[in-house]
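The structure under discussion appears below in the form of structure tokens.
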Amino acid sequence: MKVRDPWRSRPPVRIVLPATGYLSGHRFVVADRPCRRLVGKPTRWERAAMSCRPEGRHQITGEQHMGNILALKRARKAAIGAAVGALVAAGLVSSGGGAAMAAETSPPPLLQRDDNVVTSDPIPTVQIDNGYVWAQTTIGSTVYAVGKFDNAREPKAAPGAALTARSNVLAYDIDTGALLPFAPTVNGVIKAVAASPDGSRIYIGGSFNAVNGKDRWNIAALDAATGELVPGFVPSIGGSGVYSLATSGSSVYAGGLFTQGNGTARKNLAAFEASNGALLPWAPTTDQQVDAMVMDPAGKDTIIGGRFSQISGNTAMRGLGAVWKGSGVVDTNWQAPQTIKNGATATSAGQAGIFGLATDATGVYGTAWAFEVGETVNLEGAFAAEAGTGKIRWVADCLGDHYGVYSTGKVVYTTSHTHACGTVGLHPEQPKTTHRYSEAFTADARGTLGHQPAAPKYKDWAGTPAPSAYAWSPDWAVGVTSGLGQAGLSITGTGNMISIGGEFRSVNNGQFEGIVRFSTTPPGGAKDKPRLSGDDWVGSATRTTDDAKRVTVTIPANWDRDDLTLTYELYRSGTSTPVATTTADATWWKRPDVVLTDTAAPTGPLPQYTVVAKDASGNTATSGAATVAPPTGTIALVSKFSGKAVGVSGTASPTVQQPVTGAASQQWTTVPKPDGKFQLKNVATGACLAVSLSKVLSGNAQVLQWACADSANFLWSLKDVGNGYGQLVAGHSGKCLTLSGGTADGANYVQTDCGATTGADNLKFLLRPAGTVALVAKDSGKALGVSGSASPAVQQPVTKAASQQWTIVPKPYGKVQLKNVATGACLAVSLSAKVLSGHAQVLQWDCSDQAHLLWSLKDLGNGYSQLVASHSGQCLTLLGGNTADGANYIQNDCTATPSTFSQFTLPTAG
Numbered sequence: 044m045k046v047r048d049p050w051r052s053r054p055p056v057r058i059v060l061p062a063t064g065y066l067s068g069h070r071f072v073v074a075d076r077p078c079r080r081l082v083g084k085p086t087r088w089e090r091a092a093m094s095c096r097p098e099g100r101h102q103i104t105g106e107q108h109m110g111n112i113l114a115l116k117r118a119r120k121a122a123i124g125a126a127v128g129a130l131v132a133a134g135l136v137s138s139g140g141g142a143a144m145a146a147e148t149s150p151p152p153l154l155q156r157d158d159n160v161v162t163s164d165p166i167p168t169v170q171i172d173n174g175y176v177w178a179q180t181t182i183g184s185t186v187y188a189v190g191k192f193d194n195a196r197e198p199k200a201a202p203g204a205a206l207t208a209r210s211n212v213l214a215y216d217i218d219t220g221a222l223l224p225f226a227p228t229v230n231g232v233i234k235a236v237a238a239s240p241d242g243s244r245i246y247i248g249g250s251f252n253a254v255n256g257k258d259r260w261n262i263a264a265l266d267a268a269t270g271e272l273v274p275g276f277v278p279s280i281g282g283s284g285v286y287s288l289a290t291s292g293s294s295v296y297a298g299g300l301f302t303q304g305n306g307t308a309r310k311n312l313a314a315f316e317a318s319n320g321a322l323l324p325w326a327p328t329t330d331q332q333v334d335a336m337v338m339d340p341a342g343k344d345t346i347i348g349g350r351f352s353q354i355s356g357n358t359a360m361r362g363l364g365a366v367w368k369g370s371g372v373v374d375t376n377w378q379a380p381q382t383i384k385n386g387a388t389a390t391s392a393g394q395a396g397i398f399g400l401a402t403d404a405t406g407v408y409g410t411a412w413a414f415e416v417g418e419t420v421n422l423e424g425a426f427a428a429e430a431g432t433g434k435i436r437w438v439a440d441c442l443g444d445h446y447g448v449y450s451t452g453k454v455v456y457t458t459s460h461t462h463a464c465g466t467v468g469l470h471p472e473q474p475k476t477t478h479r480y481s482e483a484f485t486a487d488a489r490g491t492l493g494h495q496p497a498a499p500k501y502k503d504w505a506g507t508p509a510p511s512a513y514a515w516s517p518d519w520a521v522g523v524t525s526g527l528g529q530a531g532l533s534i535t536g537t538g539n540m541i542s543i544g545g546e547f548r549s550v551n552n553g554q555f556e557g558i559v560r561f562s563t564t565p566p567g568g569a570k571d572k573p574r575l576s577g578d579d580w581v582g583s584a585t586r587t588t589d590d591a592k593r594v595t596v597t598i599p600a601n602w603d604r605d606d607l608t609l610t611y612e613l614y615r616s617g618t619s620t621p622v623a624t625t626t627a628d629a630t631w632w633k634r635p636d637v638v639l640t641d642t643a644a645p646t647g648p649l650p651q652y653t654v655v656a657k658d659a660s661g662n663t664a665t666s667g668a669a670t671v672a673p674p675t676g677t678i679a680l681v682s683k684f685s686g687k688a689v690g691v692s693g694t695a696s697p698t699v700q701q702p703v704t705g706a707a708s709q710q711w712t713t714v715p716k717p718d719g720k721f722q723l724k725n726v727a728t729g730a731c732l733a734v735s736l737s738k739v740l741s742g743n744a745q746v747l748q749w750a751c752a753d754s755a756n757f758l759w760s761l762k763d764v765g766n767g768y769g770q771l772v773a774g775h776s777g778k779c780l781t782l783s784g785g786t787a788d789g790a791n792y793v794q795t796d797c798g799a800t801t802g803a804d805n806l807k808f809l810l811r812p813a814g815t816v817a818l819v820a821k822d823s824g825k826a827l828g829v830s831g832s833a834s835p836a837v838q839q840p841v842t843k844a845a846s847q848q849w850t851i852v853p854k855p856y857g858k859v860q861l862k863n864v865a866t867g868a869c870l871a872v873s874l875s876a877k878v879l880s881g882h883a884q885v886l887q888w889d890c891s892d893q894a895h896l897l898w899s900l901k902d903l904g905n906g907y908s909q910l911v912a913s914h915s916g917q918c919l920t921l922l923g924g925n926t927a928d929g930a931n932y933i934q935n936d937c938t939a940t941p942s943t944f945s946q947f948t949l950p951t952a953g
């Protein structure tokens, strides 16, 4: 997992200090002497250049980059967590201890989006050009967005086009998405914005020293309509910058990383009189920066979030706390810090915190991030606390740093880069780490958290009240302009609209950069449809009875970015109304099979079937046609009439009927050809099944084997006739392979009219995998074998020993089992204790019809195949592509790179 520190990888900022001062969190001591002198050794991620200012202040200008150490620590921790999580899932280790383990859990259900939740349709909105939006606030229908950018861009315009100058702050109409004339100029990055209680002005905070050409040190007040500076409000804050603002009555509260306000010592927190900018006595302190502030809806407290480990010396307030808004005294009765602790000390100082805070009429909501975990750091995710008391309402312990948060009173939206969110019904950790960047939760609790298997080092929140998540997941293209490599960083809204700001480059593959709107009632209605269609979404059709009236189509469920439940309709070719309908829940990470049955299918050739997926708004996606294809690999052709196999007795000989023995002379390899045709190549002779253009038996052309060629008389297609049987149709004539004569051994095969009714079973064949095969890895050229009963599958030099021979046993729905000739056990994926490098091990086990013993063969068209495990959809894979003898096999993502690790040939064995 690649992660970045949200603040230590930030753009250049200017830091203004008194001539003597201590810059908390950056390990710089500025001496009272010529400013070229810097006392104190910078850390490896701090680079600074000093220059004198006329007023005797020191200005430190530097790019503050966090080194690779934290990212490496985090990646290592994630890797260890993933491995241990896999062990937990396999039952090898426990997932926690003590009271947490004993906690009863009732997981909150994943919910279908309702009318309170915005759709996943991004609505055209003014954009920014090559920058980021860090914070937002809303007054009426106007959204104020601040961050770092030089230009706004018209909605839907391409990068660099249709630009209007804007200097780190803009305003737009949330109802129309249009840019407003509001256009102050600010000469540095802005990290905070807040509205005055009466809505007449906005306050901005950041790292700047000029606004509209006038001196303003890291804080300023702007007329909300004109963008002009508010006269008389001229406070100054000295330090790295202001990262959070809140207002109440006539007071303006600022938090960040600084050492003074109006020339008086203040440590990361200060308050000013709105009328004249005078510094107020309110003076709590923190040891690390403050990144978020809101006023408690109950009215008495200022709620503070950041990366600190104490407030005014109270070490119970770690990353989160409350102080009285009048006196600044810590409110020890506010309960949330007793549960949420995200402030580390010593070498881990500053490596966790609360990023965002928001309120509605009844609650306080926050987002948490962490690079280090332990007693004083316990959350990545989001939380809700009751207004007034701070009692925790719920926790969503989704792993992955969280950023923006906004509540409508019914729905809580967050931005993040979650990668393991299964405890609240969203995606669990995936075999290949997959991030999602926005979530929607219920404002109330709907269940309790289970154990988090993905990161056992984190606090076990099992039994804690949890919200339900909604099936709402737009696609985001992350940006890099802030240094974070994320998508959304802040959220605001009003009525039925929300606005997400950040550094994203697009949403749902559309042109939306930095700012985007979503609505519960988007213009023109919800249009985001199920995600899969055409050749990317294809089912398989199978007749289930001899009368050919029942056809079952099995297809993996589709998924939708803002719908959990989809309706599925089965259409038969030539019909305009569905022949079957069902509903099913699915997500991008969990797509169970959907089964639809046509109970009135026509007799004769199998018609084509398509499936239509429909979401709650009526948007549809149509699958590719489900057709019957011949089995891949080596097959036997078994006559329905006689139960005997099509075989040969020598080269250039006729095909004859033989008792089924599994001999190579009865084994045929299917060779795909264009237009759905294929050749049948005999394993023993290497010749192909062909219709003679000369020899005739009983008035019909004889079928024999001949040197393979691409002539039409060597090509065949399969026509399904029910119950697993098919007719083999000759490519040059359209006639079918049939048995000429009775059930006696040695009877010949010819072609005849496919519609013949007399002796119709003579034309029907079962095409089933045949014989024994070896599984030879592409990378190593070695065989998969076993060394004893119940042993793991390992790589061995090819010896053709019985322990390397696997009999293909056909199973329903095109699945097969692979039964070892030496042991009689079947190839299986471990469901319990065997885990290698975070992946389930492949071994042999007593044969049964359980899904983890079933496989499907996926022909890659290059002479190689993948073996896909039925229970997981993952592929048999050589662990790490190891070419050494004794290397293990696992299941892994079929698309993992390099793909050659999961590619095999299946030559005949023995």
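What the sequence shown shows, in this note's numbering, is residues 44 to 953, in sequence order. All C-beta atoms, glycine included, are put in the ideal place defined by N, C-alpha and C. Quantities reported herein were computed from a predicted structural model and do not represent experimental measurements.
Under the three-state reduction of DSSP, which class applies to residue i: helix, strand or coil?
i    : result
T938 : coil
Q709 : helix
V73  : Its pLDDT being 32, under 50, V73 is placed unreliably in this model, and the value from its coordinates should be taken loosely. Strand.
S660 : coil
P697 : strand
H882 : strand
H445 : strand
P715 : strand
Q847 : helix
H108 : Because H108 carries a pLDDT of 32, less than 50, the predicted location of this residue cannot be relied on, and the following value inherits that uncertainty. Strand at H108.
T320 : The displayed chain sequence assigns Gly, not Thr, to residue 320. Three-state result, G320: coil.
F947 : strand
Q381 : helix
S279 : strand
T815 : strand
D487 : strand
I933 : strand
Would residue i pass as a contact of residue j if the rule is Cβ separation under 9 Å?
i    : j    : result
G242 : G183 : yes
S459 : L153 : no
A644 : P650 : yes
A317 : S370 : no
G923 : T866 : no
K191 : N211 : yes
P327 : I346 : no
A514 : R548 : no
Y296 : A313 : yes
G299 : K368 : no
Below 8 Å on the Cβ atoms is my contact criterion, and I expect residue i with residue j to pass it. Report the Cβ-Cβ distance as a whole number of Å.
i    : j    : result
Q917 : N931 : Between N931 and Q917 the Cβ distance is about 15 Å, and since that is not below 8 Å, they are no contact.
A727 : S735 : No, A727 and S735 are not in contact; Cβ-Cβ is about 20 Å, not under 8 Å.
K502 : N421 : 4 Å
Checking the sheet assignment: what are the DSSP bridge partners for residue i?
i    : result
E482 : T457
G248 : A235, I262
W412 : G396
L827 : Q838
W367 : D344
F426 : G409, V438
K901 : Q909
G506 : None, per the DSSP bridge assignment.
A335 : G348
T402 : V407
Q: Within the region 586–650, note down every full alpha helix (DSSP H) run reaching 4 residues or more, in order along the chain.
A: none
Q. Which runs of the beta strand (DSSP E), 3 residues or longer, sit entirely within the region 163–215?
A. 175–182, 185–191, 194–196, 206–208
Q: Go through the region 509–567 residue by residue and report every complete run of the alpha helix (DSSP H) that reaches 4 residues or more, in order.
A: none
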